[in-house]
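Everything below concerns the one structure shown next.
Next up, the structure:
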């Protein structure tokens, strides 16, 4: 029943509004549209558009700044990736060196076991000659691992094999000669 009342009330208001004479409604005065109000409105529009233009300029600057930041971050990423690759290579080289040292130790142990007492008795090494022997062998390995100069390494290894015929490093020297 309440909704029926609302419908009737709305309908009577609508009929009442339609029956009001048009003379009682106020018309917009045309006289106010003079040149001053037009200039005022144009000025307001110019301010609004100028404000929007300024906002657009600020947004463009912010976008340019953000693009520059993104480019800086990309550069940092590339730098970090390069450093990571270098670290991986260094670790790989260290693992290879460790593996080489372990292999060298095993070969030395086998060589010592296989060398009979007669050969050891014929050449008694002095501490000085052992020291030179180790230095010469290490020098040859230096050219292999550090300098990456195979030609010099081969020369050093050949000299080592000729000079130290009873060395415990001789099997290793032959190994490196064959692999290079």
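In my numbering, the protein residues as written are 676 to 855. Every residue gets a Cβ at the ideal spot worked out from N, C-alpha and C, and that includes glycine.
Taking its Cβ as the centre, do 16 or more other Cβ atoms sit within 10 Å of residue i, making it buried, or is it exposed?
i	result
residue 832	buried
residue 808	buried
residue 747	exposed
residue 849	exposed
residue 847	buried
residue 723	exposed
residue 720	exposed
residue 774	exposed
Which of the three DSSP states is assigned to residue i in this structure?
i	result
residue 771	helix
residue 843	coil
residue 823	coil
residue 801	Bear in mind that a pLDDT of 40 at residue 801, under 50, signals an unreliable position, so the model cannot answer this.
Tell me the rounded alpha-carbon separation between residue i and residue j.
i	j	result
residue 858	residue 853	Any property of residue 858 remains undetermined from this structure, which presents the chain solely from 676 to 855.
residue 769	residue 828	20 Å
residue 825	residue 766	22 Å
residue 760	residue 839	40 Å
residue 717	residue 728	16 Å
residue 730	residue 712	27 Å
residue 818	residue 834	14 Å
residue 813	residue 830	13 Å
residue 752	residue 771	28 Å
residue 756	residue 739	26 Å
*Hey, which unbroken runs of the alpha helix (DSSP H) at 4 residues or more fall wholly within the region 708-751?*
Runs of the alpha helix (DSSP H) inside the region 708-751: none found.
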